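Undergrad:
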Amino acid sequence: MANALIGEEVLITDLLRNTRASILVRHAETPALYLLDADGNREAVTEKSLETVQKRRAYSLELGIPSDRLREVEIIDNPGLSAHADGFVRLEQTLKEVDLAIWCTLATQAWKQSESSLWFAARQRIKPSSLLLATHADGLSEDDKGRLLQRLQQEAGAQFDDVAIISLRDPLAAERSGLGDLLAKIDAMLESVNRRRLEAAKRIVHRITSQMG
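With the numbering used here as the guide, the letters of the sequence shown map in order to residues 13 to 225.
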C-alpha cells in the first residue's frame, strides 16, 4: 500500500511479513538510504558499506527519494506485527509520531481478532486520525465488497475515523483499483487534521494574549 501512496514501486510488496524493520520514506532531491539502530545511531547505506550494514540489526530504515507526493507528507511503513516480538511497541511508537494511521487488513480475512486486540490496546493512550483499509480485494465481487465494507463498519467503525476497500493487483492504476478515491479520502482526512491543529493553535494564542492583557 505504501508504494501506491508514494506513486511508484520502491518497497517490498510480498504478502509475507518479511520486512524486518520500519521504513520512513520522505522526499529527497537525491536518493539516499540510512539505517537507524536501536540506540538511535544513523548511518548512510552505500554499495561499499552494504555488507557491513547487513550484519547489524536495523531498528528502522530511512529512505529518501525524489517525489512530488512526498514533498507534503512522509510515510512510515511498519513490518507485519507477527514479524517482530516488539511489534506492539513499534505500533505504539508509530502512533505517537503520525498524523494519520492507516491499518491495512487483507480483504479475504479482514479484521481478525488478533488485529482488533492489538489496535484497541495500542489506541488506549494514543489516538491519531485513523483509516481501516481492506486491501487486495481484487477477487471480490461488488456485492462481496459491499458486505465486507458493511461488516467492517459495524465491527471496527467505532475504532477508526473511516473504513475503505482497495484492489491492489494494479494499485497505480487509480481508476481500476479505487486508488484515486482513496487518495482523495486521505487528503481530506489530513486536511481535517491540519484544521484541528490550526484551531488549537488559535486557542492557545488567544489564551496567552488574554493573560497578557
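Just so it is clear, CB atoms sit at the ideal spot from N, CA and C, and this is done for glycine as well.
If you're wondering where the values come from, they're calculated on a predicted model, not measured in any experiment.
Within 10 angstroms of its Cβ, does residue 179 collect 16 or more other Cβ (buried), or is it exposed?
TA: So residue 179 ends up on the buried side.
Undergrad: Quick check on this structure: which residue in 50, 45, 49 has the alpha carbon closest to the alpha carbon of residue 57?
TA: Nearest C-alpha to residue 57: 45.
Undergrad: Could you tell me the distance, in whole angstroms, from the CA atom of residue 54 to the CA atom of residue 47?
TA: Approximately 6 Å, taken between the alpha carbons.
Undergrad: Could you check whether the Cβ of residue 131 sits closer than 9 Å to any Cβ belonging to chain C?
TA: Included in the structure is just one protein chain, with no chain C present.
Undergrad: Would DSSP call residue 22 helix, strand or coil?
TA: Residue state, collapsed to three classes: coil.
Undergrad: Decide if the stretch 121-128 is in contact with the stretch 160-174; the criterion is three or more beta carbon pairs, one per stretch, under 8 Å apart.
TA: A contact exists between the stretch 121-128 and the stretch 160-174.
Undergrad: Find the nearest neighbour of residue 50 within the set 16, 138, 101, judged by alpha-carbon distance.
TA: If we check each option's Cα against that of residue 50, 101 comes out closest.
Undergrad: If you follow the alpha helix (DSSP H) that residue 129 is part of, which residue opens it and which one closes it?
TA: Run containing residue 129: 125-134, per the alpha helix (DSSP H) assignment.
Undergrad: I'd like to confirm the pairing. Which residues does DSSP put opposite residue 54 in its beta bridges?
TA: For residue 54, which the question treats as bridged, DSSP gives the partners 48.
Undergrad: Which runs of the alpha helix (DSSP H) spanning at least 4 residues fall entirely within the stretch 201-225, listed in chain order?
TA: Segments of the alpha helix (DSSP H) lying fully in the stretch 201-225: there are none.
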